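In the working numbering, the protein residues as written are 1 to 235. For every residue, glycine included, the Cβ atom is placed at its ideal position computed from N, Cα and C. Because the structure is a prediction, the values reported are computed rather than measured. Down below is the structure, laid out as structure tokens.
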Amino acid sequence: MNAQNFEGRVFHEDTPLEGIIFFNQQSQQAAYSDTMGYFNIAARKGDTVRISSNYYQEKLVIISTEELEQGVVIALEGNGIDLEEVVVTKTLEPKKFNTITYSRNLNEDIKEDIKKNSWKYGKPSSYGVDFVAIYKFITTMFKAKRKKPERSNFDFTSIKQLDSLFSNSEKFNDMFLRETLNIHPDEKQLYFFYLESKQLSAEIFSKNKELDLLETLLVAAEEFNMLKSTSIVEE
């Protein structure tokens, strides 16, 4: 039986919810809702879809024929966490930056480097540019710009950890990269470096943080692909 689309909108009270994760436990594919609360994920009758977020109570939906044909409106309840009053004293918040501004600046820096040092980019991939050369350029730039964390004993996510995860996990693997995150094999290490540059807490690899990890990978992939879509090389 071919997969169909399980689609609809997700709300909390009267507010559409963005970034809610929809995870098909059978196909191991994930999607998330847009700014208007709309979602769409491939599913078959009988599949179980987990609907989750850090701030709302989790739901499990066993897909029926009616839901596949007509779509659904899903209401999520808050999990009782008051974001304005939560105080965390012993964690270090990951580095934050404006993705759109960062993407544009990085794009311009890379294009300028290609103009000045075109010989470094002489082995283009199917995307028209050598990602290895770009990786080296970004590495140099980040080493120059990135500040050291205030506490040296705080563990951040590393490329080595990401390589290990995607080599040994049944869920987070190369198929997940291609089909869910839309990351081409040529871009795998560049994407890992992008994740490392965000200085994410290594605690995200804990077993009880799997949904947080999934959400982080989805959001970072969207940012990464947006950066890529700004057209690194202009004719």
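Considering only I63, L68, I62, S52, the residue with the shortest C-alpha distance to E77 is S52.
For F176, the secondary structure class from DSSP, reduced to helix, strand or coil, is helix. Shown here, I183 sits in coil according to DSSP, grouped into three states, outside any helix or strand. Partner residues in the beta bridge of A43, as assigned by DSSP, are Q4. Looking only at L200, F23, L165, the smallest Cα-Cα distance to K207 is reached by L165. Take K171, set aside five residues on each side of it, and the residues of its chain with a beta-carbon closer than 6 Å to its own are Q28, in chain order. Across the structure, T15 and Y32 are spaced so that their CA atoms are roughly 16 Å apart. The Cβ neighbour count for I62, taken over all protein chains shown within 10 Å, is under 16; the residue is labelled exposed. Sequence-distant Cβ neighbours of L200 in its own chain, meaning closer than 7 Å and more than five residues away, are P94, F156, T157, T216. Per DSSP, reduced to three states, the secondary structure at S169 is coil, with no helix or strand assignment.
Going by beta carbons, L213 and I204 fall inside the 8 Å limit. Take N5, set aside five residues on each side of it, and the residues of its chain with a beta-carbon closer than 8 Å to its own are N40, I41, A42, A43, L68, in chain order. For S53, the beta-bridge partners assigned by DSSP are Y56. When DSSP reads this structure, N24 sits in a beta bridge with Q29, V49. A straight line joining the alpha-carbon of V49 with that of F22 spans about 6 Å. Close CB contacts of F11 within its chain, under the 8 Å cut and outside five residues either way in sequence, are with L17, G37, V73, I74, A75, L76 (chain order).
The distance from the Cβ of E187 to that of I159 is about 14 Å, inconsistent with a contact at the 8 Å cut-off.
Residue environment: L177 is assigned as buried (16 or more neighbouring CB atoms within 10 Å of its CB, all protein chains considered). The beta carbon of M175 is closer than 6 Å to none in its chain, skipping five residues each way along the sequence.
A distance of 8 Å or more separates the beta carbons of N24 and Q57.
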